[in-house]
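K.L.:
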Amino acid sequence: PNPDQPNRGQPGERDDRIGAVLMERINGENLHNLLTDGLHNDPETLLDIAAQFAKAIALTHRAGFVYRDIKPANAMIDSSDRLRVLDLGLVSVIDPKSGKTASYQQSVESVDVGTSDYMLDNEVDPLSPQRDIYQLGRTFQQLFVGQDYNQALAINAAVVRAADPVVRGFGHLFYKMINTDPKQRPTINEVSNELDRLQSDLKQRTVRTKIAANQ
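The numbering used here applies: residue 2 is where the sequence shown begins, and numbers increase by one.
Right, here's the structure in full:
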């Protein structure tokens with residue numbers, strides 16, 4: 002042992018070790034920066050990003066967390082086109098003593114936190130997983146129309162003008178997700194299933210188009 006170094010972990014001795022968090026370095030682009038004009042004209046990319054985001058939130062819920070701050074700025078697209086969810090600093094966790102009934106503990110006691118553009122004022126239960134559904138729906142609106150996501154008229158017009166039924170289906174989905182009544186919002190599994198269905202419809206249509214072009 003080095004006599005110049007303090008003993009570590011010995012009873013009654015000073016311990017100068019420093020705690021640290023080791024985080025993965027992700028090479029990629031922040032999702033917020035990729036959404037200036039939205040992706041309503043690129044349904045394949047739109048659905049791929051949305052499906053990855055929904056699956057990440059579903060995994061978060063299964064692990065016992067409510068994310069509470071879903072937005073494009075808290076996600077990255079890495080060099081392999083995988084979506085990575087970032088910044089879990091505001092999550093709430095299931096109280097393990099609650100049994101089958103989910104009771105969430107606030108990260109900041111008695112204070113509702115998050116990003117205002119993606120939050121519903123006077124949310125019935127700000128610690129419910131359905132809060133994440135609302136925020137994910139608002140995020141999907143930004144995926145759809147870009148920086149006009151906070152303008153209802155622009156979103157409505159984009160959905161109505163969409164000639165692609167898959168794109169319109171995506172619009173109908175995010176409107177369900179931002180229902181002011183959390184009981185009327187789909188669950189995260191229902192969101193994922195609907196996105197899988199829309200992706201399947203898009204792939205089948207692409208195959209039919211290629212077959213028709215080769216005939």
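All residues carry an ideal CB built from backbone N, CA and C; glycine is no exception.
Since the structure is predicted, the reported quantities are computational estimates derived from the model, not experimental observations.
#1: Going by the DSSP bridge assignment, what does Glu-30 pair with across the sheet?
#2: Identify every residue that forms a DSSP beta bridge with Ser-93.
#3: For the beta strand (DSSP E) that Arg-85 lies in, which residues bound it at each end?
#4: If you reduce the DSSP assignment to three classes, tell me which class His-41 lands in.
#5: Just to confirm, is the Cβ distance from Val-146 to Ile-134 under 7 Å?
#6: Quick check: the Cα distance between Asp-197 and Gly-115, rounded to an integer number of angstroms?
#7: Give the C-beta separation of Leu-40 and Leu-154 to the nearest angstrom, bearing in mind that I take them to be a contact with Cβ-Cβ under 8 Å.
#8: CB-CB under 7 Å to Val-92, same chain, minus the five flanking residues each way: which ones, in chain order?
#9: Please classify Tyr-176: does DSSP put it in a helix, a strand, or coil?
#10: Can you list, in chain order, the residues of its chain with a C-beta nearer than 6 Å to that of Gln-131? Leave out the 5 residues immediately preceding and following it.
#11: Excluding the 5 residues preceding and the 5 following Val-192 in the sequence, name in chain order all residues of the same chain whose CB lies nearer than 6 Å to its CB.
#12: Closer than 8 Å by C-beta to Ala-163: which residues in its own chain qualify, once you throw out the five before and the five after it? Chain order, please.
#13: Measure the CB-CB distance between Arg-85 and Ile-19 and report whether it falls below 7 Å.
#14: Specify the secondary structure class of Tyr-150 as computed by DSSP and reduced to three states.
#15: Going by beta carbon distance, what residues of the same chain come within less than 7 Å of Thr-210, once the five residues before and after it are set aside?
P.N.:
Judging by the given coordinates:
#1: Looking at the DSSP assignment, Glu-30 forms a beta bridge with Ile-78.
#2: Ser-93 pairs with Val-67.
#3: That run of the beta strand (DSSP E) goes 84-86.
#4: Taken through DSSP and simplified to helix, strand or coil, His-41 comes out as coil.
#5: Not a contact, by the Cβ cut-off of 7 Å.
#6: Roughly 28 Å between the two C-alpha positions.
#7: Rounded, the Cβ-Cβ distance is 19 Å, inconsistent with contact.
#8: Around Val-92, the same chain offers Phe-66, Val-67, Tyr-68, Arg-69 and Ser-108 as residues with beta carbons nearer than 7 Å, after the five sequence neighbours per side are excluded.
#9: Here Tyr-176 carries a helix assignment [DSSP, helix/strand/coil].
#10: Non-local beta-carbon contacts of Gln-131 in its own chain, meaning distances under 6 Å to residues more than five positions away in sequence, involve Pro-183 and Arg-186 in chain order.
#11: Excluding residues within five positions, the ones whose Cβ falls inside 6 Å are Ala-55.
#12: If we look at Ala-163 and ignore the five residues flanking it on each side, its Cβ neighbours are His-41, Arg-169 and Gly-172.
#13: For Arg-85 and Ile-19, no; Cβs fall outside 7 Å.
#14: In this structure, DSSP gives Tyr-150 a state outside helix and strand, which the three-state scheme calls coil.
#15: Nothing meets the Cβ criterion.
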